[in-house]
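Participant:
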Amino acid sequence: MSKATLDQWRMLQAVVEHGGFAQASEAIFKSQSTISCTWYFLTPAILALLHKSWQPS
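All residue numbers in the sequence shown are consecutive under this note's numbering, ending with 713.
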């Protein structure tokens, strides 16, 4: 898995804050397809983080 960039995490934040890909793309001046591809790229990283946080200590 490649490392995510700060810009990609900012796109993810915009999706969450603005409620969708279209709204995020308008807010941060990126194309909707760029936001969508970034979401697809970050999904494994997000799942890995969640999996680690749910592991018993």
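Cβ coordinates follow ideal geometry from the N, Cα and C atoms, glycine included.
With a threshold of 7 Å on Cβ separation, who are the neighbours of K686 within its own chain once the five nearest residues in sequence on each side are excluded?
Facilitator: Residue 686 sits at position 30 when you count from the first residue of the sequence shown. Answer for K686: M667, listed in chain order.
Participant: Give me, in chain order, the residues of the same chain whose beta-carbon lies closer than 6 Å to that of A683; leave out the 5 immediate sequence neighbours on both sides.
Facilitator: Locating residue 683 in the sequence shown gives position 27, counting from the first residue. So the list reads A670, H674, once near-sequence residues are dropped.
Participant: How should S709 be labelled, buried or exposed, when 16 other C-beta atoms within 10 angstroms of its C-beta is the threshold for buried?
Facilitator: For this step, residue 709 is matched to residue 53 along the sequence shown. So S709 counts as exposed.
Participant: How many angstroms separate the CA atom of A689 from the CA atom of L705?
Facilitator: Indexing the sequence shown from 1 puts residue 689 at position 33. Indexing the sequence shown from 1 puts residue 705 at position 49. First, the amino acid is wrong: residue 689 is Ser here, not Ala. Going from the Cα of S689 to the Cα of L705 covers about 24 Å.
Participant: Buried or exposed, going by whether 16 or more other CB atoms sit within 10 Å of the CB of I691?
Facilitator: In the sequence shown, residue 691 corresponds to position 35, counting from 1. The residue in question, I691, is buried, as its Cβ has 16 or more Cβ neighbours within 10 Å.
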